[in-house]
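To start, the structure under review is shown below, and the notes come after it.
Residue numbers (my numbering): 551 to 618.
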């Protein structure tokens, strides 16, 4: 379970960073794209994490930024 906690904590902080950057750049238009990418990234990470935890397996690379 430790790898899943690490994965969740990193998902939160990376997501918060992307949201801050997205909202700060929203006025110039690029923020919309950043927030859309963040939303897709978040959904994929959550689904993948739930899939792996339902199998009772450790997350293979909880410290990655991307979706492995």
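For each residue, glycine too, the CB sits at the ideal point set by N, CA and C.
query: If we call anything under 8 Å between Cβ atoms a contact, is residue 572 one with residue 591?
result: Along the chain shown, read from residue 1 onward, the residue named residue 572 stands at position 22. Along the chain shown, read from residue 1 onward, the residue named residue 591 stands at position 41. No, they are not a contact pair.
task: Flag this pair as yes or no: are the beta carbons of residue 560 and residue 613 separated by less than 8 Å?
output: By 1-based counting over the chain shown, the position of residue 560 is 10. By 1-based counting over the chain shown, the position of residue 613 is 63. Going by C-beta atoms, residue 560 is nearer than 8 Å to residue 613.
task: Can you have a look at residue 555 and say buried or exposed, based on whether 16 or more other CB atoms are within 10 angstroms of its CB?
output: In the chain shown, the residue the question calls residue 555 occupies position 5. Flag for residue 555 reads exposed.
Cβ neighbour criterion (16 or more within 10 Å) applied to residue 562: For the purposes of this step, residue 562 is taken as the residue at position 12 of the chain shown. Residue 562 should be labelled exposed.
query: Nearest-angstrom Cα distance between residue 605 and residue 578?
result: In the chain shown, counting from the first residue as 1, residue 605 sits at position 55. In the chain shown, counting from the first residue as 1, residue 578 sits at position 28. The alpha-carbon atoms of residue 605 and residue 578 are separated by roughly 43 Å.
Three-state secondary structure assigned by DSSP to residue 598: As a working note, residue 598 is residue 48 in the chain shown. In this structure, residue 598 counts as helix in the three-state DSSP scheme.
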